[in-house]
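Read in order, the letters of the sequence shown correspond to residues 506 to 1179 in the numbering used here.
Right, one structure below, let's go through it.
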Amino acid sequence: MRVIEVQSYSVSNLVNNAFASSWSDDNKMAVIHDKGVHILALTPNPHSVLASLSCSRYSIKTDSSFPCSDLGIDLKKLIWNLDKDDVYKLLLDTSLSPILPKTEPINPNVKQVAWSPIIHLKDQECLLSVLTDMGSLIIYRLMNMTWVNLTSISELWIDHCKKKWSSIDTLSLKEEMAELERRGSHAKITAMCWSCCVYNNSVLFFTATKAGEISFWRIGRALKIIKTNLLHSIQSDLQMIVKVHWFSIAENAGFLLVASLEGLLKCYTIQCGTNTSDFKIKDTYSIWSERDRLKVSYMDVWKCETGELLVFVKEAFVLVFLLESTGKPVCHAVHRCSDIKISSISRVNDNSILMTTCSGRVCILYINLIKNKLQLTSQQVDNNFNLSHMACYGASLSRNKVICGIVLSANQAFDHLILRDPSQIILGTLPEIVKPLSFLQTSNESLCTMWDFLEVLRVQTIQKTFVPEIESKRAVLDTLSVGKLTLLLWMISFKLAAEEDELKLSRLKNLRNEVEILVLSCHFFKRTAILLSLENTLTLFQLQSLGLIKKWLQNLSNLDAEYSSTLTTASSLLEQVQGIQNIPSIELCSICNSEIPLLNDHYYSLCVNGHKIPRCSLSLIQCNEVPYFICGQCGVLAHSLSVEECGKICVFCNGILKVDEEVVRLSNDEEFKT
């Protein structure tokens, strides 16, 4: 088994901590470095002729705020009245993080990042939560090519804590110092995690504090904002929590795994709901009771045939536990790597995980249950990484496990004049683990969940290591589902980008045009049926769209007779459409108001005066209003009213339709100038 490197990216900041990378469900990779977070977003492009994965890069700076700097007690006044020991104690306590005159402030560092699940299926976007070592917890979202701060959980938590604080007027100096420490430990967030289950466009979010208090939040999406509600908080019996993980076992129940700085790990079986009274701790089990001072750096739980598997990492050890449905541990196994520290763990499937160490060793760890005992075996994965003066600080797998992102960074002194970019992100594939083509051909999921598969196949096609099989028989094409036709469009685009023979190129272009017509026909057949059911309540926009679809159905009669099923459906729907009154028979140009005599192109309209206007891919209406939507993959446009009716999924490639950010930025600039 081998990691095949596809490409690499240089990063100008140092990466210092293990488990520095994580991959989201919308194919973005976040890497923690000493100045913030570097984000690599996979942006598939079916028409690209480059033999490299299409990616965009972003950066988030470390938040410089100190949430615990305002605890209702004046530190600048208090510090002058304390004795020497208490002053040192105050200055060294990062929970309090005082900012004093004539002193340099502490530089916060990102401690943890976590991706949310896809909350809105229409958007297919994940949110990113970033936690610093000073307790600042912020949720970000990508908007207009920039990662925007949506909400600060730490500020909301501080506001909640302030409501519980009592007056300090009657406290002595020692009592005031003790109250300050207590407030700081309860206010500082030290760990967080997302639930993987989405209910009603919202998801559970969990935070833990230095004092061991665990809070339950519900975060939902609403247009460009998110709704954040603090549902409940419980006090655990652990202190200095460093890691939390939630695993749902039902709609309103799950395992909450909590790890402390001392090395303890406990599992709480929790019943949750929408009201405070709904939250109950049903069972508590000690998973690891030894205070070994080995911090838990990774946790994950997933279902297997005999229960739930819990995998967690403590320095150089991988520990695997089999849990009952109540959270009670049944048996466990321990694997020690041949290095000082494990730098990443990524689940490949239910029985194997990908593991890397700081020295760059990569292996697959297999988990087997034999006679009620867990057995762990490892297999070396070969690689050709250049690890001179470098260490591996993380690796993560894409959504479908086909792309592996590995983070390397300098671990020795180096000359900045020679090594300008001390870190690297290497993107590679593991061909022995997943076969992209076989998965695509057998899966019924939308292609928007398989961008990593499609990008790998596109690169392999350009490199001549993969030759896509293109179905060209019209009788067969006529029977394919819209999903298979869309996949075929991607394959034809790959072949067009790699083909050099002019005759074959001409044939492929003709085939692509025919397949596009079939894909559009499937969409317009469905849209026509919906509009026919609304015959008495059709809006002007819907009537205009129906009039253009009527012309489209008439044009389908020019298709080859081998497309018998498509022709029959078109003829049947055309008869029904002709019976509807008030359908516009003439299309006018939105620029000069002259007639557009023919509907010869589904991409553009052309009037008698030569004005060429792009058409909406969902309704065929001219896209003449701002803002309009554009597909990030294939570039087709959609009218905003069509998107409201049909959704944000592109007809041709299953990409996500988004407002054209370039036009929005330009319009905002014009408004600013005026």
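Glycine included, every Cβ here is placed at the ideal spot set by N, Cα and C.
**Study point:** Coil, strand or helix - residue 650 by DSSP
**Key:** Looking at residue 650 - three-state DSSP - the assignment turns out to be coil, as it is neither helix nor strand.
**Study point:** Assumed close pair residue 537, residue 520 - CB separation to whole angstroms, cut-off 8 Å
**Key:** About 7 Å separates the two Cβ atoms, so the contact holds.
Practice item. Taking all protein chains shown into account, decide if residue 585 is buried (16 or more other Cβ within 10 angstroms of its Cβ) or exposed. Key: Residue 585 comes out exposed.
Check your understanding: If you follow the beta strand (DSSP E) that residue 711 is part of, which residue opens it and which one closes it?
Key -> The continuous beta strand (DSSP E) containing residue 711 extends over residues 707-714.
Review point. CB-CB under 6 Å to residue 933, same chain, minus the five flanking residues each way: which ones, in chain order?
Key: Taken in chain order, the residues that qualify are 508, 509, 510, 511 and 909.
Review point. Among all the DSSP beta bridges, which residues are the ones paired with residue 1014?
Key: In the DSSP output, where bridge partners are listed per residue, residue 1014 has none listed.
Check your understanding: What separation, rounded to the nearest whole angstrom, lies between the Cα atoms of residue 559 and residue 636?
Key -> Whole-angstrom Cα-Cα distance: 29 Å.
Check your understanding: Just curious, the alpha helix (DSSP H) that residue 666 is in, first and last residue?
Key -> Judged by DSSP secondary structure, residue 666 falls within the alpha helix (DSSP H) whose first and last residues are 658-667.
Review point. On the three-state DSSP scale, how would you describe residue 973?
Key: Correct three-state label for residue 973: coil.
Check your understanding: Does DSSP classify residue 897 as helix, strand or coil?
Key -> Residue 897: strand per DSSP, three-state reduction.
Exercise for review: Using a threshold of 9 Å, state whether the C-beta atoms of residue 731 and residue 632 are closer than that.
Suggested key: Yes; because the gap between Cβ atoms is below 9 Å, this pair is in contact.
Practice item. Measure how close the beta-carbons of residue 699 and residue 619 come, nearest whole angstrom, since I'm counting them as under 8 Å. Key: Their Cβ separation, rounded to whole angstroms, is 6 Å, which keeps residue 699 and residue 619 in contact under 8 Å.
Review point. Quick one: Cα of residue 736 to Cα of residue 692, how far?
Key: Each residue's Cα considered, the two are about 17 Å apart.
Check your understanding: Hey, residue 953 and residue 990: beta-carbon distance below 9 Å or not?
Key -> No, the pair does not count as a contact, with Cβ atoms beyond the cut-off.
**Study point:** Proximal residues to residue 831 (C-beta, below 7 Å), its chain only, five neighbours per side dropped
**Key:** Excluding positions up to five away in sequence, the list reads 774 and 788.
Review point. How about residue 850 and residue 818: do their beta carbons lie closer than 9 Å?
Key: Taking 9 Å as the Cβ cut-off, residue 850 and residue 818 qualify as a contacting pair.
Exercise for review: Could you check what DSSP says for residue 1092 in three-state terms: helix, strand or coil?
Suggested key: It is a strand residue.
Practice item. Keeping to the same chain, check which residues put their C-beta closer than 7 Å to that of residue 950; ignore five residues upstream and five downstream. Key: Residues of the same chain with their beta carbon placed closer than 7 Å to that of residue 950 are lacking, with the five preceding and five following residues left out of the count.
Exercise for review: Please name the residue, chosen from 965, 997 and 1070, that lies closest to residue 983 on a Cα-to-Cα basis.
Suggested key: Across the set 965, 997 and 1070, the C-alpha of 1070 shows the shortest separation from the C-alpha of residue 983.
**Study point:** Extent of the continuous alpha helix (DSSP H) run through residue 1060
**Key:** If you look at residue 1060, you'll find it in the alpha helix (DSSP H) that goes 1045-1060.
Review point. Residue 996 lies in the alpha helix (DSSP H); which residues open and close that run?
Key: It spans 987-1003 - the alpha helix (DSSP H) in which residue 996 sits, taken as one unbroken run.
Practice item. Alpha carbon to alpha carbon, how far is residue 1051 from residue 1081? Give it in angstroms, no decimals. Key: Straight-line measurement puts the Cα of residue 1051 at about 11 Å from the Cα of residue 1081.
Exercise for review: Along the beta strand (DSSP E) that carries residue 958, what are the first and last residues, could you check?
Suggested key: First-last for residue 958: 956-967, but that is the alpha helix (DSSP H), not the beta strand (DSSP E).
Check your understanding: residue 956: buried (16+ other C-beta within 10 angstroms of its C-beta) or exposed?
Key -> Buried, because 16 or more other Cβ atoms sit within 10 Å of the Cβ of residue 956.
Check your understanding: What whole-angstrom Cβ distance do residue 1143 and residue 1125 have, given they're in contact under 8 Å?
Key -> Incorrect: roughly 11 Å between the Cβ atoms, too far for contact.
Exercise for review: If I'm right that residue 695 touches residue 714 with Cβ under 8 Å, what's the distance once you round it to whole angstroms?
Suggested key: Going by Cβ atoms, the distance from residue 695 to residue 714 rounds to 6 Å, so yes, they are a contact pair.
Check your understanding: In angstroms, rounded to a whole number, what distance separates the CA positions of residue 661 and residue 874?
Key -> In a straight line, the C-alpha of residue 661 is about 45 Å away from that of residue 874.
Practice item. Measure the alpha-carbon distance for residue 868 versus residue 593 and round it to whole angstroms. Key: The alpha-carbon atoms of residue 868 and residue 593 are separated by roughly 46 Å.
**Study point:** residue 1057 to residue 557 span [Cα, whole Å]
**Key:** As the crow flies, the alpha-carbon of residue 1057 is around 38 Å from that of residue 557.
Check your understanding: Whose C-beta lies closer than 6 Å to the C-beta of residue 525 among residues of the same chain, with five residues either side of it excluded?
Key -> So the qualifying residues of the chain are 536, 537, 898, 899 and 912.
Check your understanding: So with Cβ pairs under 9 Å, would you call residue 1162 a contact of chain D?
Key -> Included in the structure is just one protein chain, with no chain D present.
Check your understanding: Near residue 748, what residues of its chain come up, given a Cβ to Cβ distance below 7 Å and the 5 sequence neighbours on each side ignored?
Key -> 696, 764, 801 and 804, listed in sequence order.
Point to revise | Residue of 718, 616, 722 and 881 minimising C-alpha distance to residue 825 | key: Here the closest residue by C-alpha is 881.
Practice item. Please classify residue 632: does DSSP put it in a helix, a strand, or coil? Key: If DSSP states are grouped into helix, strand and coil, residue 632 belongs with coil.
Exercise for review: Give the C-beta separation of residue 994 and residue 1024 to the nearest angstrom, bearing in mind that I take them to be a contact with Cβ-Cβ under 8 Å.
Suggested key: Cβ atoms of residue 994 and residue 1024 come within 8 Å of each other, at about 7 Å.
Review point. Going by the CB atoms, is the gap between residue 1032 and residue 1151 shorter than 9 Å?
Key: Contact check for residue 1151 against residue 1032 passes: the beta carbons are separated by less than 9 Å.
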